[in-house]
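Enquirer:
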Amino acid sequence: MKTFIYPGSFDPLTKGHLDIAKRAAKLCDELIVAVLHNKGKTACIDLSTRVNMVQKCLKNIPNIKVMSFDGLLVEFMKINKATAIVRGLRSESDFRYELEIATANKILYPDYETILLPCRHDMAFTSSSVVREVASFGGDISAMVPEQIVAEVVSLLN
Ligand code: COA
Numbered sequence: 002m003k004t005f006i007y008p009g010s011f012d013p014l015t016k017g018h019l020d021i022a023k024r025a026a027k028l029c030d031e032l033i034v035a036v037l038h039n040k041g042k043t044a045c046i047d048l049s050t051r052v053n054m055v056q057k058c059l060k061n062i063p064n065i066k067v068m069s070f071d072g073l074l075v076e077f078m079k080i081n082k083a084t085a086i087v088r089g090l091r092s093e094s095d096f097r098y099e100l101e102i103a104t105a106n107k108i109l110y111p112d113y114e115t116i117l118l119p120c121r122h123d124m125a126f127t128s129s130s131v132v133r134e135v136a137s138f139g140g141d142i143s144a145m146v147p148e149q150i151v152a153e154v155v156s157l158l159n
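Quick note on my numbering: the sequence shown kicks off at 2 and runs consecutively.
#1: Pairs of beta-carbons, one from the stretch 95-107 and one from the stretch 13-27, closer than 8 Å: are there three or more?
#2: Report yes if the C-beta distance between Ser10 and Lys42 is below 9 Å; otherwise report no.
#3: Over what stretch of residues does the beta strand (DSSP E) that includes Tyr113 continue unbroken?
#4: Do Ala44 and Asp12 have their C-beta atoms closer together than 9 Å?
#5: How should Phe138 be labelled, buried or exposed, when 16 other C-beta atoms within 10 angstroms of its C-beta is the threshold for buried?
#6: In its own chain, which residues sit with a C-beta less than 6 Å from the C-beta of Leu109, not counting the 5 before and 5 after it?
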């Protein structure tokens, strides 16, 4: 069975993340969307809420499983016998960041591969931090966040 992992902070999940998850699920037998801790960031939404939100948005896709993990991504991959991680690419600056993560992970776990999927063109400038900022000022985030979680994100961040 071919298992891929789509890791991220998802603080919160955006329509761009959702698009990458749906497309990645078509490339493997099982996709694990892994809500992980990025040590470089302080999360605004707590981990279990982020996991629930991702589950809510992806529950209709049978080969997607949502999990969380506190530790190294490569350890999570080994535990779940995953062979590749999938990440979305929005811009040149993402490419540099992704190359850094991919290189570090390859050193730690030579048997793994990274698959970079170009993101939807209309999501190229969407990010979780833009969503958080707009929501904190009471702005409309419905174009950026899956409709299933808009109200929850607004209530948590406003
Ligand atoms: N659409 C919209 N936004 C996207 C996107 C897409 N397709 N792809 C990425 N982004 C944005 C996110 O919204 C987020 O924006 P923000 O920084 O403004 O909040 C940013 O790009 C990246 O966030 P995300 O994709 O959620 O994940 P991340 O970069 O925070 O996650 C981990 C990084 C969790 C995968 C990484 O830190 C990790 O592997 N941690 C575990 C520890 C480990 O193994 N570390 C070693 C790796 S070097």
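Beta carbons: idealized from backbone N, C-alpha and C, even for Gly.
Expert: Looking at the coordinates:
#1: Output reads no: the stretch 13-27 does not touch the stretch 95-107.
#2: Yes, these two residues count as a Cβ contact at 9 Å.
#3: For Tyr113, no beta strand (DSSP E) run applies, since DSSP gives it neither H nor E.
#4: Taking 9 Å as the Cβ cut-off, Ala44 and Asp12 qualify as a contacting pair.
#5: Result: exposed.
#6: The beta carbon of Leu109 sits closer than 6 Å to those of Val75, all from its chain and outside the five residues before and after it, given in chain order.
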